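Protein sequence lines, in the order shown, are assigned to chains A and B. For the first sequence, this note's numbering begins at 1 and goes up steadily by one. For the second sequence, this note's numbering begins at 204 and goes up steadily by one. Heads up: the structure comes next, in structure tokens.
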Amino acid sequence: MRKAGIAEAILSLTTSRDHAASIAGDLVQQAPFKGATWFWGSLVRTTASLTWKAFAEAPVRVTGLALLGLFLQMFYMLVIQVPIVLLHLGLSTARRPVPSQPAEFNFAATAGWEYMFAFLIASYLIGKWLARRAPQKELVVYVGVWFVAHILWLPMLALIPGLNQSVPSLADLTMDIVATVIGGLCVFAGVRSMRRRMAPVGE
Amino acid sequence: MSATPLLGEFEQVVLLAILRLGEDAYGVTIRNEIEHCTGREPAPGALYTTLDRLEEKGLVRSQMGDPTPERGGRAKRYFAVSGKGVKAVTHAMRNYQRLLEGLELPGLTYA
Chain A
1 MRKAGIAEAI
11 LSLTTSRDHA
21 ASIAGDLVQQ
31 APFKGATWFW
41 GSLVRTTASL
51 TWKAFAEAPV
61 RVTGLALLGL
71 FLQMFYMLVI
81 QVPIVLLHLG
91 LSTARRPVPS
101 QPAEFNFAAT
111 AGWEYMFAFL
121 IASYLIGKWL
131 ARRAPQKELV
141 VYVGVWFVAH
151 ILWLPMLALI
161 PGLNQSVPSL
171 ADLTMDIVAT
181 VIGGLCVFAG
191 VRSMRRRMAP
201 VGE
Chain B
204 MSATPLLGEF
214 EQVVLLAILR
224 LGEDAYGVTI
234 RNEIEHCTGR
244 EPAPGALYTT
254 LDRLEEKGLV
264 RSQMGDPTPE
274 RGGRAKRYFA
284 VSGKGVKAVT
294 HAMRNYQRLL
304 EGLELPGLTY
314 A
């Protein structure tokens, strides 16, 4: 049953594999009587409760891992973006019509795609890191990374020269929601990939 | 000698539901028993975090059963109240009884 698998996979980001399977089984068992809305609503509420419990049990450790995770994500993004920018620069230099003229390179035109590409790859790598550093607690640490990034993001909007913006625009917020969802899926893929690698042989 | 752990209201409700269910106490039946006896539907998240907390305190034990098809092939996690849990819930009920002694509540009288 597909929804049991999805529920178990999500719950396993907050608790042990056995417990996640049994909770998913409980939800699946009740779903025929209570409906699909109840099933998904209960899954979200249970995941939220278990995530909060994980934070409440070790707030300092979770915050520390979230800060480290954010630092790593930014480092990965930088490492991924620098070669892409250099490649663009090299290509625009090689393709210039008059070799004696300086290359024309429009950073702004490519920055958005490079940023998104780097963000998604960095999210995947963070997922792998989370599976190693915070097994069965991946979700709470990733939520922590998201919170810390957003706490830093708002003051940065006001500080970036030329942006002239103290609150995010609707387009920024929409982009943020899309990036959060797609980035979250990449983190999830990273966690699954690392778990498969770490699983005992034959499992 | 260790002191009897203090229980929150919902922890008492969950422990009593497990005791009532005996060997058939797992997530679904515990939830249904609480709903049947108290008329309130516990949030699944609250129930599972409470069960985890009770297990961490040593008040309940859990063990996995066999996977069943109606649960998408997932096993049940059966719960049983430990000796420490029985002691804690008994202590809590005694405290309630002491508080109720001499009170006259609508429909209830305690000597």
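All C-beta atoms, glycine included, are put in the ideal place defined by N, C-alpha and C. Keep in mind it's a predicted model, so treat the numbers as computed, not measured.
Taking CB atoms only, A:I23 has a neighbour in chain B less than 7 Å away. If you ignore the 5 residues before and after A:A21, its C-beta comes within less than 7 Å of the C-beta of E8, all in its own chain and listed in chain order. About 7 Å separates the beta carbons of A:V191 and A:L13, which is inside the 8 Å limit, making them a contact pair. Beta-bridge partners of B:M267 (DSSP): B:R280. Closer than 7 Å to the CB of A:T37 there is not a single CB belonging to chain B.
The beta carbons of B:S265 and B:R280 sit about 5 Å from each other, so the pair counts as a contact at 8 Å. Under the three-state reduction of DSSP, B:E304 is assigned to coil, being neither helix nor strand. Put simply, the stretch 112–132 of chain A touches the stretch 74–88 of chain A. At least three CB pairs are less than 8 Å apart. By DSSP's assignment, B:L311 forms a beta bridge with B:L308. In the three-state reduction of the DSSP assignment, A:K137 falls in the coil class.
By the Cβ-count criterion, B:R274 is buried, with 16 or more other Cβ atoms from all chains shown falling within 10 Å of its own Cβ.
Fully enclosed alpha helix (DSSP H) runs of no fewer than 4 residues occupy 230–241, 247–259 of the stretch 219–262 of chain B, in order along the chain. Not flagged as an interface residue toward chain B: A:K34, since no C-beta distance is shorter than 7 Å. Excluding its 5 nearest sequence neighbours in each direction, B:T207 has C-beta neighbours in its own chain below 7 Å: K290, A291, H294, listed in chain order. At a cut-off of 7 Å between beta-carbon atoms, B:A278 makes contact with chain A. Sequence-distant Cβ neighbours of A:F39 in its own chain, meaning closer than 6 Å and more than five residues away, are L27, A31. Minimum Cα-Cα distance from B:G268 among the listed residues A:P200, A:I23, A:L159, A:E57 corresponds to A:I23. Burial check for B:T241: the Cβ neighbour count within 10 Å stays below 16, so the residue is exposed.
B:V217 is outside the set of residues whose beta carbon lies under 7 Å from a beta carbon in chain A. Taking the CA atoms as reference points, A:L120 sits about 46 Å from B:Q215.
Interface annotation, A:R45: in contact with chain B, CB-CB separation under 7 Å. Non-local beta-carbon contacts of A:R132 in its own chain, meaning distances under 7 Å to residues more than five positions away in sequence, involve M194 in chain order. For A:S42, the neighbours in chain B by C-beta distance under 7 Å run, in chain order, P247. When secondary structure is reduced to three states using DSSP, A:L13 falls in the coil class, being assigned neither helix nor strand. At a cut-off of 7 Å between beta-carbon atoms, A:K53 makes contact with chain B. Among the CB atoms of chain A, none fall inside 7 Å of the CB of B:R264. Looking only at B:E259, B:V263, B:G248, the smallest Cα-Cα distance to B:A220 is reached by B:V263. A contact between stretches requires three or more CB pairs, one per stretch, nearer than 8 Å, and the stretch 235–255 of chain B meets this requirement with the stretch 44–54 of chain A. Taking CB atoms only, B:Y299 has no neighbour in chain A less than 7 Å away.
Considering only beta carbons, no part of the stretch 63–86 of chain A lies closer than 8 Å to chain B.
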